[in-house]
Amino acid sequence: MAFALTSESPSVNFCIEETKMALSWRNFASRIGMDPEPHPRPPAHVLRLQPYRCVSSLKQIEDRTDTEPYKLDWNESTVAPSPRVEEALTHVLSNGAKLNWYPDLAAEDLTAALESYTGVPRDSLIVTNGSDDALLLLCRTYLRSGNEVLVPVPTYTHFLVHVGAQNARVVELRNPNPFATDLNRLERAITGKTKMVYLVSPNNPTGTMWTSRQIDYLCSSYPNVMFVVDEAYHEFSGQSVIHLTQTYSNLAVTRTFSKAFGLAAFRVGYVAAHPRACGHLWRLHNPKSVNTFGQLAATAAVHDLPYLESYVEEVRAARTEFVSRVRELGLEIFDSVANFVVLRVPQPHRLTDGLEKHNIYIRDRSTMPGMAGCVRITVGTREQMDHVFGCIKQVVTEQGWV
Ligand SMILES: Cc1ncc(COP(=O)(O)O)c(C=O)c1O
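The opening residue of the sequence shown carries number 8 in our numbering; numbering runs sequentially from there.
What follows is the structure in structure tokens.
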């Protein structure tokens, strides 16, 4: 005999009721704009974060093979790294590299090389997965919900994501002239809630520098505040405050192999800080974060300082020449002590679009605070910048700006 499902059956009734409830919940949830499906949700401060916008020309460059690309949008080196890097990698790969083993967790060789390169002892150095990872480590170690982090803007914006991830608050400090530093203004903005101050020196994108004297003064005057000095472009400026980490435990200096050393693809950076501060940072540091090849490449690069120095010299010469030619053309340009300069034009997107036709990629920075009309251009070799200048001249002449 066939079993007939009737609404008299209590279990069927129960199912019908449940289905009705689920349907009405769905209707109700979607009407009030809620997601009816249950799923894990990150905390509110994570949902408030704006992801770092990864604007990169890589895809365009890959798609275009007709001419030589000029990738001047991310302040990378415009030449290959020291030949010693390739030699070291080839040697290891052809001599039974243990790809199944973890990297050296203490990064012994690289740390030893950095000890002599930086002049600070190894217990003051932590190697990280790019300097972004060093900045993240600092935020994770020192910040908690409700802390304030003072940041003169415009700045390197990725850092702001790391601050937000700790539910700490970024307090932006705007200077009417973004192409100058203002110590008095900075001091006036420090409050009892300020836990950290982030200073990029030379600053990306404006190229401004904080002097050793200023950092010395700040660290001694505000011992409860952690000063993070980002020296990603230190090699080009030739100036540093790294020695002050031996005096002040409230100072951390971050650096990278992604710029002057030409190793952006390997993701290697480091933080230098007082041994007491490093003792805190080690607690959250991931010792597996710098892979074997990154360690090898960076060690080989530090062992070839003449190569680094000749590239830095070349960039300095190219920058001086480029800046004076752009000025002669009648355009506004802000020089720097780093491997980039900022150009102000009436319609920045017309310049970026015009240069892209020549397979040249620069970065529109015109939406950053105080940077209306500005584009940032990475400086490479004199030969490269000669070509870039020619193309800029052509575009700005076509636009009728000169
Ligand atoms: C000021 C500054 N800090 C840090 C970084 C990140 O460098 P890394 O490749 O070491 O993560 C950049 C990259 O553009 C930068 O400009």
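Each residue gets a CB set at the ideal place from its N, CA and C atoms; glycine is no exception.
- Look at the Cβ atom of Asn298, then the Cβ atom of Pro110, and state whether they are nearer than 8 Å. Taking C-beta atoms as the reference points, Asn298 and Pro110 count as a pair closer than 8 Å.
- Message: Between which residues of its own chain and Asp237 is the CB-CB distance below 6 Å, once the five residues before and five after are set aside?
- Response: The answer, listed in chain order, is Val207, Thr261.
- Task: Following the continuous alpha helix (DSSP H) through Met392, name the residue where it begins and the one where it ends.
- Result: Residues 389-406.
- Contact belief for Ile222 with Leu251 at Cβ below 8 Å, rounded distance in angstroms: Right, the Cβ-Cβ distance comes to about 6 Å (below 8 Å), so this counts as a contact.
- Message: Suppose the cutoff is 6 Å on Cβ atoms and the five residues either side in sequence are ignored; what does the same chain contact list for Ala141 look like?
- Response: Residues of the same chain with a CB within less than 6 Å of the CB of Ala141, apart from the 5 flanking positions on each side, are Thr135, Thr261, Gly276, Val278 in chain order.
- Task: Give me every residue whose Cβ sits closer than 5 Å to any heavy atom of ligand 3, in chain order.
- Result: The model on display carries ligand 1 but not ligand 3.
- Query: Does DSSP put Thr201 in a helix, in a strand, or in coil?
  - Reply: Residue state, collapsed to three classes: strand.
- Task: Determine the extent of the alpha helix (DSSP H) in which Arg181 is found, giving its start and end residues.
- Result: In this chain, Arg181 is not harboured by any alpha helix (DSSP H); it is covered by the beta strand (DSSP E) spanning 176-181.
- Query: Who are Cys381's beta bridge partners in DSSP?
  - Reply: Note: Cys381 is bridge-paired with Arg351 in the DSSP secondary-structure output.
- Query: Should Ser138 be labelled buried (16 or more other beta-carbon atoms within 10 Å of its own) or exposed?
  - Reply: Classification of Ser138: buried, given that the 10 Å Cβ count is 16 or more.
- Buried or exposed by the 16-neighbour rule on C-beta atoms within 10 Å, applied to Phe35: With fewer than 16 other Cβ atoms within 10 Å, it is exposed.
- Euclidean distance between Cα positions of Leu12 and Gly40: Residue placement at Leu12 is flagged as unreliable, the pLDDT there being 46, under the threshold of 50; the coordinate-derived value follows with that caveat. Cα to Cα, Leu12 sits roughly 36 Å from Gly40.
- Task: Throw me the rounded Cβ distance for the Val386 and Arg370 pair, which I believe falls under 8 Å.
- Result: Not really, about 13 Å apart at Cβ, beyond 8 Å.
- Item | Boundaries of the alpha helix (DSSP H) in which Arg420 is found, first to last residue | Residue 420 falls outside the range modelled here, since the chain spans only 8 to 409, and no answer is possible.
- Query: Which whole-angstrom value is the C-beta distance of Leu358 and Val402, which I expect to be below 8 Å?
  - Reply: 6 Å between Cβ atoms; contact.
- Task: Would you mind stating whether His287 and Ser131 have Cβ atoms separated by less than 8 Å?
- Result: Their beta carbons are not under 8 Å apart, which means His287 does not touch Ser131 by this criterion.
- CA-to-CA distance, Ile399 to Arg274, given in whole angstroms: Roughly 32 Å separates the two Cα atoms.
- Which stretch, first to last residue, makes up the beta strand (DSSP E) that contains Leu157? In the DSSP assignment, Leu157 falls within the unbroken beta strand (DSSP E) covering 155-160.
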